[in-house]
Each structure stands twice: as structure tokens, then as C-alpha cells.
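Right, one structure below, let's go through it.
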Ligand SMILES: *Cc1c(COP(=O)(O)O)cnc(C)c1O
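In the working numbering, the protein residues as written are -4 to 471.
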């Protein structure tokens, strides 16, 4: 009797939660325009998830349901949601100084963060280290900063022919027009192509594109040879090469052998152009080392950081540059200065959050602990490689991706109209996992604090949704 009453009460509460969630959805869709979304698909094709709070790697919905955040909320979250140490640092800073104009003013969090970023930045024997930090407030803006700096440095020396950037096929650097110009994900780029400055695209070292039987390293060497030819052909016209070291994330979590980075570094030196490492997604331990460049033992001339920089709490970007680059702007003329700015440059709250994030890397020995987590992810993913519609399983540290293709054959991707990824996304949500694919690539990029139970749920869910998503599509 009592149990029935209890169940009835639970059911009533659930209905209340559901209707609260529905009411919220309606209120949202009345006023919000969501990013990276065909709004026609809400609410019917795509469910909108009203999120009330975050707890570690979990998101708690207004409907009372919990969702495992398997994509770290677009790759920004490192230590779980509402991380108390980061929260406390922001709260402390908020009572001291929230923001001050960074042109002409200075503040402790901005200086301390710059010192600490420079101290941990990738180093290379025989190369001058990164020496200066320029702040922006999101990744795309950071990329714009790096591109403009490289171009402007040559201008300041009177080298006006160097107007081109080299970038990788399948690369992604953000959505602002300069960043889109050096990106090569057609879905984001194609419409805006007429507006974009010219970039030179070079074949990707992506190991998935290797010939049958060819090793990842050999494919990377071939891609580097192609880059060498491109740079020879455009000698004197290029100011910088930009790439995502180790993993082309938005392009489908495509991974390459670190030997490519070594070759690129050499080629950039031979041609006297700058190397811009966009570690916005791969930085801060994502690929197993603090920065992906470390895996090739190279240091870039410009390093773009954002996303994990504040542990996923506040927007901030940092562009690290060499002394040589910085010195190229020192002059009596203001026009030779780098006059780029954003209102919230070097925001004190965001810098405080970033400092707390770096503290956690030290106190929790994050990089070492992640090695164990990454090994558990590998073990859980291994059986899925046998699935008939999985063409590839690849991993770089805390990123693990499943490439789905019909019959597990790279040559026969699923028809985009089958919306395999979207079906997987919906099926995963039903099982309490936020697993947002890139096309037909499902990937795990969880907060580093994800525990064994959550990983087990992730693996079980992934197996189930691959079945569901590819089942119908395979028959269609
Ligand atoms: C996300 C991303 C960007 C853009 O950062 P935003 O903060 O989203 O503008 C740039 N480069 C890479 C590699 C990224 O993954």
C-alpha cells in the first residue's frame, strides 16, 4: 500500500518534471537561436535538453534526468562541471577585480597566468622559447590574432608579398572569417567561401587516409613531401602555416603521426615562415601530453590556446609568441604595433579560472592519472572495433573515436541522408549519455574525472547506439 503511494508520488513528480522541461523548451525556442543548429530540427528531430546543473561529468536536466557529458561540452571541460576549486577562484577574484581595460593597465591574474603558460609551453632544443602572451576571449579570436601577427610581422619588414597562409585539408580553426578561411570543413566553410581570404590547402597527414597497407608514419611523410612541393611552388608568398597538432578534431577526430609535425617544423624553418600550432582543442592534456607538440619535440612560433584553458568555466584565449615575433612590432610608428584588441582581453575572472585550472594539473597529477583512464578507454573500446559497421577505432590520449562506415569499409561511407550520427545522438540521449557525433564519427572526449562506472556506461551505450544507428541505415 505504502509502496503504491510512493510510486504514485514519484510518477506525479516525474510528470511535473516533464512538464517543467516542456515549458522550458517552449520558452527557449521562443527567443533563442542555438549555435551550430538547423533550428527547423527543434523540437521534433532534435530534442532540446534543458540543463539545470552540472555535477562532475554529469549534466542534470530539468526533467530530473542525468546525462553523462561524453563530449566535455564541446571539448572545454577538463575536471567536471561546477568544479569547486575553479568556482572558488572565480568567486574570490569577483570580489577583488572582475575586469579592467588591459591596454595601459595590468593586473595580477593576467601576469601570473602569462608567466605560468610560458613556463609550461612546448620547448625545442636549439630554439628560442615562446616568450610573450597575447590574450583574446575565444578560440576563433585567438586564431585571428595569430594569423594577423604572422602577416603583420612580414609587412613591418617590408615583405609585402607574403600574404598567404598554408593550412591542412580537413582542418578546423573556428568560425570567424579569418579562421574559416584557413579551415577546410565544407559544412562550415562552403557558404562563406566568397568572403574568405585565399589560403593554400595541403594534403592532410590523417592516418585514416593512408593507402591500404601503408603505415601512419609513411602517410605522414607523403603529406610532408606534398607540403614541401607546395611551399617551393609558392616561395616568398607565404607568411605562416597553421595546423592542429596530432588530432584534427572538428574534421572528425582524424589523427596523424607526430613525425608530420617534425617535418612541418623543418619546412617552415627552411622557408622562413611561421608555424602556428592551434592547440585550442588538443592542448591541456587532451592527447596525453600537456601539449600535443611535445609528442614531436617541436615548438611553434605561435601557439593558440583556449577551450580547456579555464577548465571549461569561462571564455578565454591566449596566443603565445616568440620574442622574435614580438620584436618585429617595436617601432616609433603606431601602425607597426599590433593594434588588435577585444573589450574583454585578459579578463581577470577568466584568468583566475585558468590559474585554478593550472593548479589542479599540478595538485592532482592529471597527466599521469589520465594515462590510466586512457588505457581503460582503450580496453573498453577494443570490442567495438569488431562491429561490422565500424571502419576505424583510433585514440590519442583522452580522445577516442569510432568511424562508422557501411560494412566497416572506408570506401563505402553511409549516405549522409541516413543521418547515422543523428540517430546515434538521439539513441544515446535516451540512455543518459550526451554523445554528439561529428557526421558518422562517434567519439569519447570526456572530462578527465570520469570514473569507471561512467566509462562502462559510455562503452555500453556506444555499442548499443552503433547497432541502432547503423542497423536501419545498413538496410536502407
Ligand atoms: C573550437 C576550436 C576553435 C575555435 O574556438 P572557439 O572558441 O569555438 O571560437 C579553433 N581551433 C580549434 C582547433 C578548435 O577546436
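Glycine is no exception: its CB is placed at the ideal position from the N, C-alpha and C atoms. If you're wondering where the values come from, they're calculated on a predicted model, not measured in any experiment.
Three-pair Cβ contact test at 8 Å for the region 192 to 203 versus the region 238 to 258: Three or more pairs of CB atoms, one per stretch, sit closer than 8 Å, so the region 192 to 203 contacts the region 238 to 258.
Reduced DSSP category for residue 290 - H, G, I as helix; E, B as strand; rest coil: Indexing the chain shown from 1 puts residue 290 at position 295. Of the three classes helix, strand and coil, the one that applies to residue 290 here is helix, per DSSP.
Alpha carbon of residue 186 to alpha carbon of residue 118, nearest angstrom: Counting from one through the chain shown, the residue named residue 186 turns up at place 191. Counting from one through the chain shown, the residue named residue 118 turns up at place 123. Straight through space, the alpha carbons of residue 118 and residue 186 are spaced by roughly 39 Å.
7 Å Cβ shell around residue 378 - same chain, five flanking residues per side excluded: On the chain shown, position 383 is the one that residue 378 refers to. Once the five neighbours on either side are set aside, residue 378 has no close Cβ partner at all.
Where residue 281 falls: helix, strand or coil (DSSP): Along the chain shown, one-based indexing puts residue 281 at 286. Assignment of residue 281 by DSSP, reduced to helix, strand and coil, places it in the coil class.
Residue from 346, 249, 322, 239 whose Cα sits closest to the Cα of residue 298: Counting from 1 along the chain shown, the entry for residue 298 is found at position 303. Taking residue 298 as reference, the option from 346, 249, 322, 239 with the minimal CA-CA separation is 239.
Cβ neighbours of residue 92 in the same chain (closer than 7 Å, five flanking residues each side left out): Along the chain shown, read from residue 1 onward, the residue named residue 92 stands at position 97. If we look at residue 92 and ignore the five residues flanking it on each side, its Cβ neighbours are 102, 343.
Nonlocal neighbours in the same chain, by C-beta distance under 8 Å from residue 427, ignoring five residues either side: Taking the first residue of the chain shown as position 1, residue 427 is located at position 432. Cβ neighbours of residue 427 beyond the five flanking positions: 60, 61, 62, 63, 452, 456.
Same chain, Cβ closer than 6 Å to residue 244, five either side skipped, listed in chain order: One-based indexing of the chain shown puts residue 244 at position 249. Excluding residues within five positions, the ones whose Cβ falls inside 6 Å are 276.
Proximity test, residue 251 beta-carbon vs ligand 1 heavy atom, cut-off 7 Å: Locating residue 251 in the chain shown gives position 256, counting from the first residue. Not one heavy atom of ligand 1 lies closer than 7 Å to the C-beta of residue 251.
Start and end residues, alpha helix (DSSP H) containing residue 28: Taking the first residue of the chain shown as position 1, residue 28 is located at position 33. Per DSSP, residue 28 belongs to no alpha helix (DSSP H) and is neither H nor E.
Residue 234, enclosing beta strand (DSSP E) - first and last residue: The residue labelled residue 234 in the question sits at position 239 within the chain shown. Where residue 234 is concerned, the enclosing beta strand (DSSP E) stretches over 233 to 238.
For residue 53: DSSP bridge partner residues: By one-based count along the chain shown, residue 53 stands at place 58. Answer by DSSP bridge pairing, in chain order: 50, 63.
Residue 129 and residue 316 closer than 8 Å at C-beta: Counting from one through the chain shown, the residue named residue 129 turns up at place 134. Counting from one through the chain shown, the residue named residue 316 turns up at place 321. Cβ atoms of residue 129 and residue 316: closer than 8 Å.
Nearest to residue 120 (by Cα), restricted to the options 362, 13, 292: On the chain shown, residue 120 is found 125 positions in, with the first residue counted as 1. It is 292 whose Cα lies nearest to the Cα of residue 120.
Terminal residues of the beta strand (DSSP E) in which residue 397 lies: Residue 397 sits at position 402 when you count from the first residue of the chain shown. Counting along the chain, the beta strand (DSSP E) containing residue 397 begins and ends at 394 to 399.
Supposed contact pair residue 312 and residue 137 - C-beta distance, whole angstroms, cut 8 Å: For the purposes of this step, residue 137 is identified with residue 142 of the chain shown, where counting begins at 1. For the purposes of this step, residue 312 is identified with residue 317 of the chain shown, where counting begins at 1. Their Cβ separation, rounded to whole angstroms, is 3 Å, which keeps residue 137 and residue 312 in contact under 8 Å.
The region 140 to 157 in contact with the region 222 to 238 per 3-pair CB rule at 8 Å: Below 8 Å, enough C-beta pairs join the region 140 to 157 and the region 222 to 238 to call them touching: three or more.
Cβ-heavy atom distance, residue 461 to ligand 1, below 7 Å: Taking the first residue of the chain shown as position 1, residue 461 is located at position 466. Taking 7 Å as the cut-off, the C-beta of residue 461 does not count as close to any heavy atom of ligand 1.
Assigned exposure category for residue 318 - 16 Cβ within 10 Å defines buried: Within the chain shown, the letter at position 323 stands for residue 318. Around the beta carbon of residue 318, a 10 Å sphere encloses fewer than 16 other beta carbons of the protein chains shown; the residue is thus reported as exposed.
Nearest-angstrom Cα separation, counted from residue 38 out to residue 148: Along the chain shown, read from residue 1 onward, the residue named residue 148 stands at position 153. Along the chain shown, read from residue 1 onward, the residue named residue 38 stands at position 43. Using only the alpha carbons, I get a separation of about 49 Å.
Delimiting residues of the beta strand (DSSP E) encompassing residue 197: Start at 1 with the first residue of the chain shown, and residue 197 comes out as number 202. From DSSP, the beta strand (DSSP E) with residue 197 extends over 194 to 197.
Per DSSP, the bridge partner or partners of residue 436: The residue given as residue 436 occupies position 441 in the chain shown. Per DSSP, 398, 433.
Three-state secondary structure (DSSP) of residue 244: Reading the chain shown from its first residue, position 249 is the one you call residue 244. Coil, per DSSP.
Residues sharing a beta bridge with residue 271, DSSP: Residue 271 sits at position 276 when you count from the first residue of the chain shown. In the DSSP assignment, residue 271 is bridged to 237, 297.
Three-state secondary structure assigned by DSSP to residue 259: On the chain shown, residue 259 is found 264 positions in, with the first residue counted as 1. Looking at residue 259 - three-state DSSP - the assignment turns out to be helix.
Start-to-end residues for the alpha helix (DSSP H) that takes in residue 324: Taking the first residue of the chain shown as 1, we reach residue 324 at position 329. Segment: none, residue 324 is in no alpha helix (DSSP H) and carries neither H nor E.
Residue 275 CB to nearest heavy atom of ligand 1 below 7 Å: Position 280 of the chain shown, counting from 1, holds the residue named residue 275. Yes, the Cβ of residue 275 comes within 7 Å of a heavy atom of ligand 1.
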